[in-house]
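A.B. asks: Once you've had a glance at the structure underneath, I'll fire off some questions.
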Amino acid sequence: MKEVEIKKENLFEHLKERGFVYQTTNEEEVRKLCDNGETTVYVGIDPTADSLHIGHFFSLLMLRKFQQAGHKVIVLLGGATAMIGDPSGRNDMRSMVTDDFIKTNFQNIKKTIGKAVELEGENPAIIVNNADWIRGYDYVDFMRDIGQHFNVNHMLASESCASRLAAGGLTFLEMGYMLIQAYDFVYLNRKYGCQLQIGGSDQWGNIVAGAELGRKLNFLEGKDPEAFQALTCPLLTDANGKKMGKTSKGALWISKEKTSPYEFYQYFINVDDRDVVKLLKLFTNYEISEIESLAKADIRAAKKLMAFEVTKLIHGEEEANKAVSASAALFEGGVDTSSVPTYNLPRKEFEEKVRILEVAQRANLISSMSEGRRLVSQGGLFVNNKKLLDPNEFLSEVDFEEGFALLKKGKKNFVKVVLS
RNA sequence: GGUUGGGUUGUAGAGUGGUCAAAUACAUCAGACUGUAAAUCUGACGCCUCCGGCUUCGAUGGUUCGAAUCCAUCCCCAACCA
67 MKEVEIKKEN
77 LFEHLKERGF
87 VYQTTNEEEV
97 RKLCDNGETT
107 VYVGIDPTAD
117 SLHIGHFFSL
127 LMLRKFQQAG
137 HKVIVLLGGA
147 TAMIGDPSGR
157 NDMRSMVTDD
167 FIKTNFQNIK
177 KTIGKAVELE
187 GENPAIIVNN
197 ADWIRGYDYV
207 DFMRDIGQHF
217 NVNHMLASES
227 CASRLAAGGL
237 TFLEMGYMLI
247 QAYDFVYLNR
257 KYGCQLQIGG
267 SDQWGNIVAG
277 AELGRKLNFL
287 EGKDPEAFQA
297 LTCPLLTDAN
307 GKKMGKTSKG
317 ALWISKEKTS
327 PYEFYQYFIN
337 VDDRDVVKLL
347 KLFTNYEISE
357 IESLAKADIR
367 AAKKLMAFEV
377 TKLIHGEEEA
387 NKAVSASAAL
397 FEGGVDTSSV
407 PTYNLPRKEF
417 EEKVRILEVA
427 QRANLISSMS
437 EGRRLVSQGG
447 LFVNNKKLLD
457 PNEFLSEVDF
467 EEGFALLKKG
477 KKNFVKVVLS
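Under our numbering, the first residue of the first sequence is numbered 67, with each subsequent residue one higher.
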């Protein structure tokens with residue numbers, strides 16, 4: 067299949083036809099920024115967890131396209147904003163986190179940014195931390211410089227406050243979040259000439275606040291008020307309107323340690339057929355016409371391609387291939403089980419006899435013995451693909467004929483038990 | 001600070017002295033059908049050494065043969081008032 071090349075002349079159209087454009091402050095202005103000259107663009111991410119998840123990656127992917135088209139890109143890791151906690155779209159307050167926690171996260175995330183945007187070469191992305199300019203900004207000065215431009219009525223009316231208000235209101239701390247993020251945009255504009263902020267649509271309120279603040283300040287200073295524009299990408303949702311990237315174990319993380327490439331691949335191979343074209347458009351650069359005709363001709367091939375490409379994008383080709391062959395082994399009768407989650411059972415315990423259910427529980431395949439019994443009675447638990455009939459059965463030597471025992475719950479959950 | 005209404009098993013939400021491990025819906029899990037999809041149907045859905053037992057209904061104490069249900073104190077939440 068042919069891939070399209072990302073060129074500056076049609077960047078905006080490219081983003082739009084692939085589904086990246088959700089809202090813009092002013093479509094014509096944004097289009098100009100995309101397609102002409104050299105624009106500096108930024109995305110902000112708060113290091114509130116020790117890894118990025120697929121949603122973050124999605125907005126970084128958009129940033130990458132700007133970079134590939136020759137624009138300058140900045141990734142802002144919000145060391146200051148993470149300490150405040152964004153109230154957008156939440157109905158409870160974020161729990162307070164410590165400085166150390168944020169710092170560790172910051173370092174961990176910084177390492178993975180390179181998966182999305184280029185950090186070396188001719189046009190490297192710049193990584194900045196808003197703690198560098200916010201902490202140390204005198205409170206009174208900040209309130210006089212920035213706070214005076216915010217109307218509380220407008221802030222309360224915003225979508226991002228709505229669910230917090232509905233749930234009983236929000237604290238001053240959380241209200242302050244918007245001011246900081248708004249000021250970030252102005253700061254990056256002054257320092258790097260940044261004119262465009264992009265992000266997920268849940269950030270719209272904060273992003274627009276920044277653009278407005280910038281315009282007000284520019285107007286007061288007699289500068290060009292059009293210098294601040296914004297572009298958001300849609301929230302990744304599935305065909306049922308639910309947020310994508312949720313797994314039974316939480317978010318779909320970028321870091322291998324938190325979500326293995328195998329799990330990652332499995333997530334995408336299990337998506338609804340209706341989402342395949344959308345995901346191919348977003349996560350690959352294949353020609354749209356080719357994507358559509360492939361999906362029409364063979365939806366399963368299209369889905370496999372999509373899952374492979376997304377996994378490759380995040381974990382690299384080698385890991386993606388491993389995930390594919392591990393999946394083929396489990397679902398299509400191949401032999402490679404190297405990427406299947408493994409549980410090490412001490413040989414001593416095996417010799418003293420362990421019930422299969424107990425091992426399954428310790429390997430996190432089942433959450434309780436009761437669940438295990440239930441599964442057995444319903445015929446949903448397998449050892450080496452043989453249905454387990456007796457919940458009290460012990461693990462035996464024959465189960466390890468292959469060198470390991472493969473426990474399976476339902477159709478899709480596997481654990482490889484190895485004696486050690 | 002005051003008044004009122006609340007805190008129930010993932011969520012929403014019944015239950016107001018025994019028939020309550022607790023209705024119902026959603027979510028989830030498994031089975032059938034399939035394609036590791038969707039839709040549909042069936043079953044399960046606190047825990048355990050599982051035809052039986054144990055621990056739950058904000059917390060603690062009390063009344064009672066018996067409490068999620070009544071009383072007391074405390075903690076938390078919402079609405080309104082100030």
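Backbone N, C-alpha and C fix where the C-beta goes; we use that ideal spot for every residue, glycine too.
Confirm, please, whether the CB-CB distance from Ala429 to Val484 is below 8 Å.
C.D. replies: No, the pair does not count as a contact, with Cβ atoms beyond the cut-off.
A.B. asks: Using a 10 Å radius around the Cβ and a threshold of 16 neighbouring Cβ atoms, would you call Thr90 buried or exposed?
C.D. replies: Looking at its Cβ environment, which holds 16 or more other Cβ atoms inside 10 Å, Thr90 is buried.
A.B. asks: On the three-state DSSP scale, how would you describe Gly187?
C.D. replies: Note: Gly187 maps to coil in three-state DSSP.
A.B. asks: Nearest CA to the CA of Val383: which residue from Asn189, Tyr253 and Tyr331?
C.D. replies: First, the amino acid is wrong: residue 383 is Glu here, not Val. Checked all of Asn189, Tyr253 and Tyr331; the closest Cα to Glu383 is Tyr331.
A.B. asks: Is the beta carbon of Ser393 less than 8 Å from the beta carbon of Ile335?
C.D. replies: Against a cut-off of 8 Å, the Cβ pair of Ile335 and Ser393 comes out as a contact.
A.B. asks: Are at least three pairs of beta-carbons, each pair with one atom in the stretch 142-160 and one in the stretch 204-213, less than 8 Å apart?
C.D. replies: Because the criterion of three Cβ pairs below 8 Å is not met, the stretch 142-160 and the stretch 204-213 do not touch.
A.B. asks: Alpha helix (DSSP H) containing Leu447: first to last residue?
C.D. replies: Unbroken run through Leu447 is the beta strand (DSSP E), Leu447 to Val449; no alpha helix (DSSP H).
A.B. asks: Would you call the CB atoms of Thr170 and Asp116 closer than 8 Å?
C.D. replies: Yes, they are a contact pair.
A.B. asks: With a 10 Å radius around its C-beta and 16 neighbouring C-beta atoms as the bar for buried, classify Phe470 as buried or exposed.
C.D. replies: Buried, since its Cβ has 16 or more Cβ neighbours within 10 Å.
A.B. asks: Would Ile111 and Val87 be called neighbours here (beta carbons separated by less than 8 Å)?
C.D. replies: Cβ atoms of Ile111 and Val87: not closer than 8 Å.
A.B. asks: With a CB to CB cut of under 7 Å and the five nearest residues on each side skipped, what residues in its chain are close to Ile273?
C.D. replies: So the qualifying residues of the chain are Gln263, Gly265, Ala296 and Thr298.
A.B. asks: Any idea if Thr106 is buried or exposed, counting beta-carbon neighbours within 10 angstroms, 16 or more meaning buried?
C.D. replies: With 16 or more other Cβ atoms within 10 Å, it is buried.
A.B. asks: Would Ser405 and Ala389 qualify as a contact pair, given that the criterion is a beta-carbon distance under 8 Å?
C.D. replies: In contact: Ser405 and Ala389 (Cβ atoms closer than 8 Å).
A.B. asks: Could you check what DSSP says for Glu467 in three-state terms: helix, strand or coil?
C.D. replies: Here Glu467 sits in coil by DSSP.
A.B. asks: What are the partner residues of Thr408, as DSSP defines its beta bridges?
C.D. replies: Thr408 is bridged to Lys482.
A.B. asks: Quick one: Cα of Ile320 to Cα of Val252, how far?
C.D. replies: Those two C-alpha atoms are separated by around 30 Å.
A.B. asks: Could you tell me whether the stretch 335-349 touches the stretch 361-371, where touching means 3 or more Cβ pairs closer than 8 Å?
C.D. replies: Segments in contact, yes.
A.B. asks: Counting only the same chain and skipping the five closest in sequence on each side, list residues whose C-beta sits under 8 Å from that of Gly213.
C.D. replies: The residues are Leu245.
A.B. asks: Applying the 10 Å Cβ sphere with the 16-neighbour rule, what's the burial state of Arg281?
C.D. replies: Classification of Arg281: buried, given that the 10 Å Cβ count is 16 or more.
A.B. asks: Among the candidates Ser226, Leu81 and Lys73, whose CA atom is the shortest distance from the CA of Arg156?
C.D. replies: Selected option, being the one with the closest Cα: Ser226.
A.B. asks: Are Thr303 and Tyr333 touching if we call contact CB-CB under 8 Å?
C.D. replies: No, Cβ-Cβ distance for Thr303 and Tyr333 is not below 8 Å.
A.B. asks: Taking the CB atoms as reference points, tell me whether Asn195 and Gly145 lie closer together than 8 Å.
C.D. replies: It is a contact, given that the beta carbons lie within the stated cut-off.
A.B. asks: Could you compute how far the alpha carbon of Glu329 sits from the alpha carbon of Met67?
C.D. replies: Going by the C-alpha atoms only, they are around 26 Å apart.
A.B. asks: Using only the alpha-carbon positions, how far apart do Lys82 and Gln134 sit?
C.D. replies: So the two alpha carbons sit approximately 16 Å from each other.
A.B. asks: Taking the alpha-carbon positions, what's the Leu236 to Ala363 distance?
C.D. replies: Going from the Cα of Leu236 to the Cα of Ala363 covers about 51 Å.
A.B. asks: Quick test of your reading: Leu454 and Leu461, contact by CB under 8 Å. State the CB separation rounded to the nearest angstrom.
C.D. replies: Wrong, their Cβ atoms sit about 11 Å apart, outside the cutoff.
A.B. asks: By alpha-carbon positions, which one of Gly476, Lys475, Leu127 and Gly242 ends up nearest to Val218?
C.D. replies: Looking at the Cα atoms, Gly242 is the closest of the given residues.
A.B. asks: Going by CA-CA distance only, name the one from His220, Glu375 and Thr114 that's closest to Lys176.
C.D. replies: Per the Cα distances, Thr114.
A.B. asks: Might you give, ordered along the chain, the residues of its own chain that have their beta carbon closer than 6 Å to the beta carbon of Arg160, omitting 5 neighbours on each side?
C.D. replies: If we look at Arg160 and ignore the five residues flanking it on each side, its Cβ neighbours are Gly151.
A.B. asks: Smallest Cα separation from Glu95: which of Phe294, Leu286 and His215?
C.D. replies: Here the closest residue by C-alpha is Phe294.
A.B. asks: Kindly indicate the opening and closing residues of the beta strand (DSSP E) around Asn195.
C.D. replies: Its beta strand (DSSP E) spans residues Ile192 to Asn195.
A.B. asks: Do the CB positions of Gly276 and Gln247 come within less than 8 Å of each other?
C.D. replies: Yes.
A.B. asks: Val139: buried (16+ other C-beta within 10 angstroms of its C-beta) or exposed?
C.D. replies: Buried, because 16 or more other Cβ atoms sit within 10 Å of the Cβ of Val139.
A.B. asks: Less than 6 Å between C-beta atoms, sequence neighbours within five positions excluded: which residues of the same chain meet that for Val376?
C.D. replies: Excluding residues within five positions, the ones whose Cβ falls inside 6 Å are Phe334 and Phe349.
A.B. asks: Under three-state DSSP, which class holds Arg440?
C.D. replies: Correct three-state label for Arg440: helix.
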